[in-house]
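Those sequence lines, one after another, are chains A and B. Under the numbering used here, think of the first position of the first sequence as 946, with each following residue one higher. Under the numbering used here, think of the first position of the second sequence as 3, with each following residue one higher.
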Amino acid sequence: FQAVRKMPKVDARQRFYPADHEPAREKGPKPAPAKLRASITPGTVLILLSGRFRGKRVVFLQQLPSGLLLVTGPFAVNGVPLRRVNQTNVIATSKKLDVSRVRVPAEAATDAFYREPAKDKKQRLKAANRGEGVFFATDDISADKPDVPESRKAAQKAVDEAILAGVDDITKAYLRARFSLRSGQYPHEMKF
Amino acid sequence: MTHTSLVKIEGVNDKNDTSFYLGKRVAYCYRAANQKKGKSRVIWGKVTASHGNNGVVRTKFKRNLPPRAMGDRIRVMLYPSRV
C-alpha cells in the first residue's frame, strides 16, 4: 500500500539509530547580490519604472551590499531622495554624469540606513489599505508619516551638492522632466 | 496552472521586436461595482513568449482573464527591465 509512510531501511546491527528520520537541513549559502548590468555605472541617469517615483530620471550612485542600487534625484531637482531601487525596475540611459567627486557617507552606503522600521511600515500599510470611500480623521494621516531623520537630510545634502556642482541647466531640466511614452512611441524601438 | 492568453502589442509587428517584451509584466485593469481597496481591480500577468511571426505575444496571468477581456486593453509594463 502506498499510503503507509516508508520507514528508512535501518540495519538491525547499527550502533546508532537516528532519532529523526530526516536530517536537519542546513541553511544553504546566501545568494550573491545581483550582478550589475553593464549599462549601469556610477553617474548613469536611470529612469525609474515603478513605485512612487515612476518616470523620474535619477542619478545612480553605487550598488549596495544587498544588490539594490543607491540613487538620488537629486532631491532639489526632482524630489527623489537617496533611495534604494532594484535594477529590474530601472532603465539605464546612455546619459552619464560625473560623480567622481561625490562621496556617499559611509553610513548611507548600507542597507540598514534605508530600511523602514517595522512599526512605521505597519502604520503605512494600514493607511494604504484603507482605500477610497472610507472616512478617517485627519489626525490619523499625520500620525502615519514619520519624520525624516537628520542623518538622512545631511547625507542627502552632501551627495546632492557634489552632484549638482558641475551640472548645467539643461541637464537639470532633463532630470526634472519625467519619462513617458506618447502615442506612436514604442520602447522596443527606442535607444535609451 | 493558468491558461495562456494572446496579446497584440501596439507597434510590435515582427517576431524580432517581441524580444524586448519577453518577461515584462502585464496588467488587465477593470472596474467593479463593489469596492475592494478602490473601484478598480487588476489581474497581473507576464509575457511568456512570442506567438507566430507577426508580433503577437503569449501571456500568462495569475488568474485567467474573463471572456470580456477579449479585444480589451491590457497594459504592458516596462519592468522587469533588461535595458
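A virtual CB, placed ideally from N, CA and C, is assigned to each residue, including glycine.
Nearest-angstrom Cα separation, counted from residue j out to residue i
i	j	result
residue 1007 of chain A	residue 81 of chain B	21 Å
residue 1040 of chain A	residue 62 of chain B	35 Å
residue 50 of chain B	residue 1102 of chain A	43 Å
residue 1062 of chain A	residue 1068 of chain A	10 Å
residue 8 of chain B	residue 21 of chain B	15 Å
residue 1113 of chain A	residue 1002 of chain A	16 Å
residue 1045 of chain A	residue 1133 of chain A	32 Å
residue 984 of chain A	residue 990 of chain A	10 Å
residue 1107 of chain A	residue 1048 of chain A	8 Å
residue 1126 of chain A	residue 972 of chain A	45 Å
residue 1005 of chain A	residue 988 of chain A	5 Å
residue 1087 of chain A	residue 72 of chain B	Legend: pLDDT at residue 1087 of chain A = 46, less than 50; position of this residue unreliable, value from coordinates given subsequently. So the two alpha carbons sit approximately 44 Å from each other.
residue 76 of chain B	residue 997 of chain A	21 Å
residue 1072 of chain A	residue 38 of chain B	14 Å
residue 970 of chain A	residue 982 of chain A	34 Å
residue 1115 of chain A	residue 1122 of chain A	11 Å
residue 15 of chain B	residue 1059 of chain A	43 Å
residue 17 of chain B	residue 55 of chain B	5 Å
residue 23 of chain B	residue 1136 of chain A	15 Å
residue 70 of chain B	residue 1128 of chain A	25 Å
Neighbourhood of residue i by C-beta distance below 7 Å, restricted to the same chain and skipping five residues each side
i	result
residue 65 of chain B	4 and 45
residue 67 of chain B	7, 30 and 45
residue 86 of chain B	Coverage of chain B is limited to positions 3 through 85, which leaves residue 86 of chain B absent and any answer about it impossible.
residue 979 of chain A	1012 and 1032
residue 1124 of chain A	992, 1000 and 1002
residue 1050 of chain A	1100 and 1103
residue 995 of chain A	1034
Cβ-based burial, residue i [other Cβ within 10 Å; buried from 16]
i	result
residue 1066 of chain A	exposed
residue 1010 of chain A	exposed
residue 962 of chain A	exposed
residue 57 of chain B	buried
residue 1093 of chain A	exposed
residue 993 of chain A	buried
residue 10 of chain B	exposed
residue 26 of chain B	buried
residue 964 of chain A	exposed
residue 1120 of chain A	buried
residue 1131 of chain A	exposed
residue 1096 of chain A	exposed
residue 1053 of chain A	buried
residue 1070 of chain A	exposed
residue 52 of chain B	buried
residue 1080 of chain A	Only weak support is given to the placement of residue 1080 of chain A: the predicted model assigns it a pLDDT of 47, under 50, and the value that follows is read from those uncertain coordinates. Exposed: under 16 other Cβ atoms inside 10 Å.
Nonlocal neighbours in the same chain, by C-beta distance under 6 Å from residue i, ignoring five residues either side
i	result
residue 974 of chain A	none
Inter-residue CB distance, residue i and residue j (contact presumed, cutoff 8 Å)
i	j	result
residue 1042 of chain A	residue 1029 of chain A	In fact, because the Cβ distance is near 19 Å, the residues do not count as touching under 8 Å.
residue 1017 of chain A	residue 1104 of chain A	6 Å
residue 78 of chain B	residue 1037 of chain A	Residue 78 of chain B to residue 1037 of chain A, Cβ: 20 Å. No contact.
residue 47 of chain B	residue 28 of chain B	5 Å
residue 83 of chain B	residue 1035 of chain A	6 Å
Delimiting residues of the beta strand (DSSP E) encompassing residue i
i	result
residue 27 of chain B	27-33
residue 8 of chain B	6-10
residue 1116 of chain A	It is not in any beta strand (DSSP E) - residue 1116 of chain A instead sits in the alpha helix (DSSP H) that spans 1114-1121.
residue 22 of chain B	First-last for residue 22 of chain B: undefined, no H or E at that position.
Chain-order list of residues whose beta-carbon lies under 8 Å from that of residue i (same chain, five-residue window excluded)
i	result
residue 1109 of chain A	1019, 1021, 1022 and 1117
residue 42 of chain B	31, 32, 33 and 34
residue 1057 of chain A	none
Run of the alpha helix (DSSP H) containing residue i, from where it starts to where it stops
i	result
residue 1022 of chain A	1020-1023
residue 1008 of chain A	Careful: residue 1008 of chain A lies outside any alpha helix (DSSP H), inside the beta strand (DSSP E) at 1002-1008.
residue 1102 of chain A	1095-1109
Beta carbon proximity, residue i to chain C, threshold 8 Å
i	result
residue 83 of chain B	The structure shown contains no chain C; its protein chains are A and B.
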